[in-house]
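Residue numbers (our numbering), protein chains in the order written: chain A, 46 to 271; chain B, 13 to 307. Note that the Cβ used here is the ideal one computed from N, Cα and C, for glycine as well.
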Amino acid sequence: MISIRNLSKKFGTKEVLHQIQLDFEKGKVYGIVGENGAGKTTFFRCIAGLEDYEGEISSHLTPLKNHLGLLLTEPFFFPKITGKEYLHLLCQARGVQIPNMEDKNIFDLPLNQYAATYSTGMKKKLALTAILLQGNEYFILDEPFNGVDIQSNILITEIIHQLKALNKTVIISSHIFSTLSDTCDEIHVMSQGSLIKSVQKPDFAILETEIKQMTLGKKLDKLGLT
Amino acid sequence: MTNRHLRDAGIHPLLGYVGLTALFLGLSVYLFQSTEFAPYIYLLFALSLIGNLSEKRRTEFLRICFGDSSMKKIRIGENVMASLPFIAFLLYQQLFAYMAILLALVILLALSQFKTVMAWTLWTPFSKRPFEFTVGFRNTFYLFILAYGLAVVAVFQDNFNMGIFALLIVFITCLFYHSKAENEYYVWAFHLKPRAFLLRKIKTALLYSSLLALPIALLISYFFYPNMGIILLFIVLSWAFLISMIVSKYSEYPNEIYLTPSIFLALCLWFPPFLLIFIPFFFKKSEHRLSRLLK
Numbered sequence: 046m047i048s049i050r051n052l053s054k055k056f057g058t059k060e061v062l063h064q065i066q067l068d069f070e071k072g073k074v075y076g077i078v079g080e081n082g083a084g085k086t087t088f089f090r091c092i093a094g095l096e097d098y099e100g101e102i103s104s105h106l107t108p109l110k111n112h113l114g115l116l117l118t119e120p121f122f123f124p125k126i127t128g129k130e131y132l133h134l135l136c137q138a139r140g141v142q143i144p145n146m147e148d149k150n151i152f153d154l155p156l157n158q159y160a161a162t163y164s165t166g167m168k169k170k171l172a173l174t175a176i177l178l179q180g181n182e183y184f185i186l187d188e189p190f191n192g193v194d195i196q197s198n199i200l201i202t203e204i205i206h207q208l209k210a211l212n213k214t215v216i217i218s219s220h221i222f223s224t225l226s227d228t229c230d231e232i233h234v235m236s237q238g239s240l241i242k243s244v245q246k247p248d249f250a251i252l253e254t255e256i257k258q259m260t261l262g263k264k265l266d267k268l269g270l271t
Numbered sequence: 013m014t015n016r017h018l019r020d021a022g023i024h025p026l027l028g029y030v031g032l033t034a035l036f037l038g039l040s041v042y043l044f045q046s047t048e049f050a051p052y053i054y055l056l057f058a059l060s061l062i063g064n065l066s067e068k069r070r071t072e073f074l075r076i077c078f079g080d081s082s083m084k085k086i087r088i089g090e091n092v093m094a095s096l097p098f099i100a101f102l103l104y105q106q107l108f109a110y111m112a113i114l115l116a117l118v119i120l121l122a123l124s125q126f127k128t129v130m131a132w133t134l135w136t137p138f139s140k141r142p143f144e145f146t147v148g149f150r151n152t153f154y155l156f157i158l159a160y161g162l163a164v165v166a167v168f169q170d171n172f173n174m175g176i177f178a179l180l181i182v183f184i185t186c187l188f189y190h191s192k193a194e195n196e197y198y199v200w201a202f203h204l205k206p207r208a209f210l211l212r213k214i215k216t217a218l219l220y221s222s223l224l225a226l227p228i229a230l231l232i233s234y235f236f237y238p239n240m241g242i243i244l245l246f247i248v249l250s251w252a253f254l255i256s257m258i259v260s261k262y263s264e265y266p267n268e269i270y271l272t273p274s275i276f277l278a279l280c281l282w283f284p285p286f287l288l289i290f291i292p293f294f295f296k297k298s299e300h301r302l303s304r305l306l307k
């Protein structure tokens with residue numbers, strides 16, 4: 046379980062996260078939605094310990110970061126490192142030995158090629174494979190479905206289901222609502238650094254309609270498309 | 013861009029340029045005093061530096077903005093400008109033929125473009141423990157070929173200094189593998205405490221740099237056996253500077269430019285015993301700096 050109490054974060058004088066209170070339980074999948082700039086990525090970075098913050102973040106397994114698999118929106122890769130070496134690096138970082146790396150290559154990635162030559166989706170799949178191999182208990186997946194093909198989308202959805210079955214805690218952000226409604230037990234809506242709403246699975250359809258209305262409003266009318 | 017980098021590091025651009033000029037002149041003079049092959053090494057070094065301007069995406073950007081003909085003129089101008097310090101030094105050395113060759117080659121380079129990431133993967137002996145030596149070896153493997161070649165020539169010409177110079181090429185190249193701060197994700201991901209993390213980095217660097225230097229060390233030790241003490245001294249000093257480089261980097265992490273340790277490192281170059289104070293001090297500072305990411 047991860048507990049977040051009174052989490053606030055400022056960049057200079059600008060407050061980007063405001064008094065967030067949340068609990069993420071074991072064996073559950075949580076979705077975080079919000080417009081660009083709502084503070085989702087900063088929120089994730091605070092949980093991971095990549096940002097300083099005010100408030101308290103605690104977990105059963107400590108330190109949290111050593112049990113956390115963090116998939117960034119745009120994972121960074123060194124220019125001349127192969128997919129296999131990247132997996133080695135991330136596993137060694139957590140003291141995990143994987144004898145047959147090729148067997149774990151569920152996305153059929155060209156592991157002997159430089160990761161920097163991969164497409165956006167392939168990079169995401171490589172980064173996801175790495176954090177899965179690390180054997181983490183908690184997962185933060187920031188836009189895991191971005192740029193990924195349909196087949197891999199299905200595979201990632203199944204992986205999330207399996208992580209849930211294994212009693213892991215998974216937090217996901219996505220701009221594709223269907224991917225969240227397929228995987229999450231609960232969705233939290235974030236706006237301007239605050240959590241404004243929490244929705245349970247039975248009410249996801251209502252939330253989707255609300256988000257559509259909020260997003261579209263009369264914006265299309267302004268365009269005056271004829 | 014250079015001005016911005018210098019200002020970000022808290023250096024007045026004028027001071028930065030004076031310092032860089034002094035460093036460039038110092039290294040150039042040292043090279044030409046050390047070996048008769050200096051002009052070749054100098055040309056190779058100049059071309060490998062200026063070659064960075066021929067990166068494919070950069071050239072494409074210039075082509076989109078200015079059109080094909082103007083892009084070529086700009087690229088030739090850039091390369092000639094960048095080669096001016098080298099040309100000036102070759103002129104000072106009265107090496108007119110090398111000067112002309114360099115000028116011709118940089119113009120040729122301006123009309124070429126390189127991909128920074130190759131489609132084919134270069135084998136490296138450091139694949140099992142990424143990333144510094146894995147990436148570094150792939151970027152600089154040709155320097156090791158050069159250093160090994162130089163060591164063989166040193167033996168044939170009975171030139172011990174050239175052998176030491178070859179050894180230093182290897183270690184200096186390895187120093188640069190630790191010159192740039194990595195993305196914080198690659199520090200954060202480690203489950204180690206700062207001390208263990210630093211020791212791991214140091215252990216890997218010492219092991220792998222020694223592995224690269226081993227052929228040269230063995231060769232010159234065998235053929236210049238009476239100078240064994242000097243060879244060992246240079247190896248130990250190189251290890252010390254390698255450790256200094258690592259602790260310098262992490263003492264200012266995640267900043268990319270580390271001014272204070274660089275000044276101290278320069279002092280250590282002038283008087284190496286300072287390293288005995290420098291290393292423990294900056295090791296402690298690195299531990300403190302890394303404690304934000306490594307808990």
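So with Cβ pairs under 8 Å, would you call residue i a contact of chain A?
i              : result
A201 (chain B) : yes
Y54 (chain B)  : no
H152 (chain B) : Here residue 152 (chain B) is Thr; the residue named in the question, His, does not match the sequence. Not an interface residue.
V147 (chain B) : yes
E299 (chain B) : no
Q142 (chain B) : The question names Gln, yet the displayed sequence has Pro at residue 142 (chain B). Yes, P142 (chain B) counts as interfacial toward chain A.
N195 (chain B) : yes
S221 (chain B) : no
K307 (chain B) : yes
T133 (chain B) : yes
Compare the C-beta of residue i with all C-beta atoms of chain B and state if any pair is closer than 8 Å.
i              : result
L186 (chain A) : no
G166 (chain A) : no
T174 (chain A) : no
F88 (chain A)  : no
P189 (chain A) : no
I126 (chain A) : yes
Q64 (chain A)  : no
L95 (chain A)  : yes
Y163 (chain A) : no
L67 (chain A)  : no
F121 (chain A) : yes
Q158 (chain A) : yes
H220 (chain A) : no
H206 (chain A) : no
Going by beta carbon distance, what residues of the same chain come within less than 7 Å of residue i, once the five residues before and after it are set aside?
i              : result
V273 (chain B) : Looking at the sequence shown, residue 273 (chain B) is not Val but Pro. The residues are S260, S263, E264 and F294.
F69 (chain A)  : M46, I47, Y75, T214 and I216
S243 (chain A) : E231 and H233
Identify which residue in the options has its Cα closest to the Cα of residue i.
i              : options                           : result
L225 (chain A) : A:L240, A:S239 and A:E188         : A:E188
G31 (chain B)  : B:L302, B:I291, B:A278 and B:N239 : B:A278
P247 (chain A) : A:D230, A:T260 and A:Q237         : A:D230
E101 (chain A) : A:A161, A:Y183 and A:I65          : A:I65
I258 (chain B) : B:K307, B:L302 and B:L117         : B:L302
A201 (chain B) : B:L306, B:E90 and B:S95           : B:L306
L113 (chain A) : A:S218, A:I204 and A:L186         : A:L186
Report the three-state DSSP secondary structure of residue i (helix, strand or coil).
i              : result
I151 (chain A) : coil
V48 (chain A)  : According to the sequence shown, residue 48 (chain A) is Ser rather than Val. Looking at S48 (chain A) - three-state DSSP - the assignment turns out to be strand.
Y262 (chain B) : helix
F101 (chain B) : helix
Y54 (chain B)  : helix
H112 (chain A) : helix
E253 (chain A) : helix
S219 (chain A) : coil
G148 (chain B) : helix
K73 (chain A)  : coil
S191 (chain B) : coil
D187 (chain A) : strand
D80 (chain B)  : helix
T107 (chain A) : coil
E80 (chain A)  : coil
Taking 6 Å as the limit between beta carbons, can you name the residues of its chain near residue i, skipping five residues before and five after?
i              : result
F101 (chain B) : S40
L134 (chain B) : R150
V61 (chain A)  : K54, G84, T87 and G238
P206 (chain B) : E299, L302, S303 and L306
Would you say residue i reaches chain E, if we count a Cβ-Cβ gap shorter than 8 Å as a contact?
i              : result
S139 (chain B) : Included in the structure are the protein chains A and B, with no chain E among them.
- Closer than 7 Å, Cβ to Cβ, to anything on chain B: give me those residues from the segment 101–115 of chain A, in chain order. P108, K110 and N111
Query raised in the report: Looking at chain B, which residues of the segment 138–156 of chain A have a Cβ within less than 9 Å of any of its Cβ atoms?
Result: A138, R139 and G140
Members of the segment 65–87 of chain B that neighbour chain A once the beta carbon cut-off is set at 7 Å
none
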